[in-house]
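Presented below is the structure to which this report refers.
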Amino acid sequence: MDRVGKEAGMNALDVLRLRGFVESTTHEKELEDYLGTPGRYCYIGFDPTGSSLHVGHLVTVMALAHMQRCGHRPMALVGGGTGMIGDPSGKTEMRQLLTPEIVAENKAGLKGQLSSFLDFSEGKAVLVDNADWLSELQYIPFLRDVGCHFSVNRMVKAESYRARLESEEGLSFIEFNYMLLQAYDFYVLAEKYGCFLQMGGRDQWGNIVAGVELVRRKAQKTAFGITFPLIMTSSGIKMGKTHAGAVWLDPERTSPYDYYQFWVNTDDADVQRFLKLFTFLPMEEIEAVAGLDGKDLNTVKAVLAYEATAIVHGKEAADQAHGAASAVFGGREISAAIFPSSVIPRQVMTDVSGMPCSRIPGQDFSSGMTVVDLFCRVGLCASKGAARRLIEQGGAYVNGKRIDSDSIDVILGPDTFEEGALVLRSGKKQYHRIEMV
RNA sequence: GGUGGGGUUCCCGAGUGGUCAAAGGGAACAGACUGUAAAUCUGUCGGCCAAGCCUUCGGAGGUUCAAAUCCUCCCCCCACCA
6 MDRVGKEAGM NALDVLRLRG FVESTTHEKE LEDYLGTPGR YCYIGFDPTG SSLHVGHLVT
66 VMALAHMQRC GHRPMALVGG GTGMIGDPSG KTEMRQLLTP EIVAENKAGL KGQLSSFLDF
126 SEGKAVLVDN ADWLSELQYI PFLRDVGCHF SVNRMVKAES YRARLESEEG LSFIEFNYML
186 LQAYDFYVLA EKYGCFLQMG GRDQWGNIVA GVELVRRKAQ KTAFGITFPL IMTSSGIKMG
246 KTHAGAVWLD PERTSPYDYY QFWVNTDDAD VQRFLKLFTF LPMEEIEAVA GLDGKDLNTV
306 KAVLAYEATA IVHGKEAADQ AHGAASAVFG GREISAAIFP SSVIPRQVMT DVSGMPCSRI
366 PGQDFSSGMT VVDLFCRVGL CASKGAARRL IEQGGAYVNG KRIDSDSIDV ILGPDTFEEG
426 ALVLRSGKKQ YHRIEMV
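Here's what the structure looks like:
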């Protein structure tokens with residue numbers, strides 16, 4: 006999708022500002038000039054602490070994608086070297102140190118996921134690994150060349166270390182050192198690629214500024230930094246966390262159906278903000294629906310969920326997730342007047358193939374199965390006690406029929422299936438389809 | 001190394017021999033109200049073959065009719081001192 010409307014031809018920094026990505030920048034005038042020329046490099050570092058990104062990473066990834074759409078060249082730096090140390094910024098606890106094998110594995114996973122957002126062909130985006138230069142570093146030369154530029158007095162005052170300095174756990178030296186390494190990364194990228202912009206979450210401010218200063222001192226060049234706000238939901242929770250933990254981009258960990266559901270359940274108050282941050286829909290179209298509220302907002306949420314899912318999992322998976330949502334929660338037509346750029350299906354179409362689903366052999370039902378056992382078996386309930394409670398509280402449904410507590414011991418036989426399938430429901434939102442095989 | 005204080009159920013945090021599956025809060029789950037929203041109210045919130053039984057209070061032993069609570073050893077954390 007090319008830039009349309011007022012974002013076309015706009016300075017990348019202004020695009021990011023307009024969409025709510027920018028919390029703070031270093032010397033913004035010069036930064037604007039830097040981004041005024043196409044083909045500029047900019048980078049963000051990713052810790053290879055896991056093999057999958059999650060929604061908490063999305064702001065940074067989307068920022069890179071916008072950079073690319075504005076004609077610049079984003080770089081994703083995978084911290085194969087620093088990942089062996091662990092960034093203490095803003096963290097209350099020390100990180101688990103990673104082994105080289107795990108780092109390699111995670112790195113591969115990250116690249117795959119980044120490819121959904123960035124076009125890595127023809128050098129339009131670059132993936133680098135700081136292990137390439139960090140692992141060969143010699144301690145004494147490093148201390149002399151880099152360490153001498155850092156003031157411990159200043160580092161101790163850095164906001165990013167504060168939590169740990171004040172905590173009971175304290176801060177180990179290896180972690181205190183982290184800032185030097187990240188600053189050195191920036192210096193290397195500046196020298197090697199001419200990359201003079203580093204971006205990151207607000208907790209990276211200290212590390213970014215350290216790099217900007219190192220580039221100035223060692224290379225006598227001006228480098229820049231942008232930090233993004235920490236995205237909280239209106240209810241005050243860190244974005245991307247749910248009761249079940251993180252919302253992952255890896256479809257094995259968070260299915261496209263659940264991913265879609267995560268977005269469709271966005272708080273009313275967050276919809277506008279999230280559309281700007283987490284979709285590529287043009288600003289004009291987002292602003293056009295700003296006045297909608299109540300039930301009408303649900304349509305907007307559907308577009309948000311659809312677009313967000315399509316970016317990560319592709320159009321087909323988004324169609325399925327959307328169709329499954331229509332099947333269980335009821336569909337609604339989406340007027341061509343809103344979000345004309347979106348490719349969301351405008352007509353109601355239901356599609357159960359995207360639903361959470363278990364296949365169970367028919368013979369398991371030949372002598373019947375209790376509702377309690379069935380709910381546990383497909384993971385809708387954590388234990389039989391939980392399943393009993395669910396039924397007693399009136400939250401269990403089979404094929405749309407509530408199981409009342411008197412019939413808690415009802416046995417389900419093969420005749421419960423309609424056309425070889427049956428649908429369980431737990432509470433208001435959790436559906437699970439069972440196919441007999 | 002010394003001295004003192006700690007490690008409790010998802011999290012925080014009460015609990016110092018039986019009345020403890022363990023107060024209170026948070027999270028979570030269910031119901032009502034709704035719009036697959038928020039807020040609010042109500043209920044639930046270790047497991048099981050469920051008026052009973054089993055497992056849990058850092059780990060391993062021990063005392064006792066009875067231990068989260070007492071004793072011994074060990075592991076880990078914190079504070080102050082060296």
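In this note's numbering, the protein residues as written are 6 to 442.
Beta carbons are placed, not taken as given, at the ideal position from N, Cα and C, and that holds for glycine.
Note that the structure is predicted; figures quoted are calculated from it, not measured.
Collapsing the DSSP output to three states places D150 in a helix. In this structure, the straight-line span from the alpha carbon of G10 to that of A307 is close to 23 Å. Here the segment 275-293 makes no contact with the segment 248-265; the two share fewer than three CB pairs at distances below 8 Å.
A straight line joining the alpha-carbon of A326 with that of R364 spans about 19 Å. Looking at the DSSP output, S29 sits in a beta bridge with T232. Put simply, of K129, V415 and G84 the residue whose alpha carbon is nearest the alpha carbon of E110 is G84. Contact annotation, L219 with V151: C-beta distance approximately 7 Å; criterion of less than 8 Å satisfied. Closest in alpha carbon position to E338, among A329, A330, V353 and S331, is V353.
Comparing alpha carbon positions, the residue from N16, D52, V60 and I343 closest to T42 is N16.
Rounded to whole angstroms, the separation of the alpha carbons of R430 and D420 is 18 Å. In the structure shown, S371 adopts helical secondary structure according to DSSP, grouped into three states. Setting aside the 5 residues that flank it on each side, E28 is surrounded in the same chain by R207, T232, F233 and P234, each with a C-beta closer than 7 Å to its C-beta; the list follows chain order.
Apart from sequence neighbours up to five positions away, the residues of its chain that approach G25 with a beta-carbon distance below 8 Å are P234, R278, K281 and L282, ordered along the chain. Remark: C-beta atoms of T304 and S331 do not approach each other more closely than 8 Å.
Take V60, set aside five residues on each side of it, and the residues of its chain with a beta-carbon closer than 6 Å to its own are G245 and V252, in chain order. Under the three-state reduction of DSSP, I49 is assigned to strand. Taking C-alpha positions only, E12 is separated from V383 by approximately 47 Å.
Between V317 and Y265, the C-beta gap is not smaller than 8 Å, which leaves the two residues out of contact.
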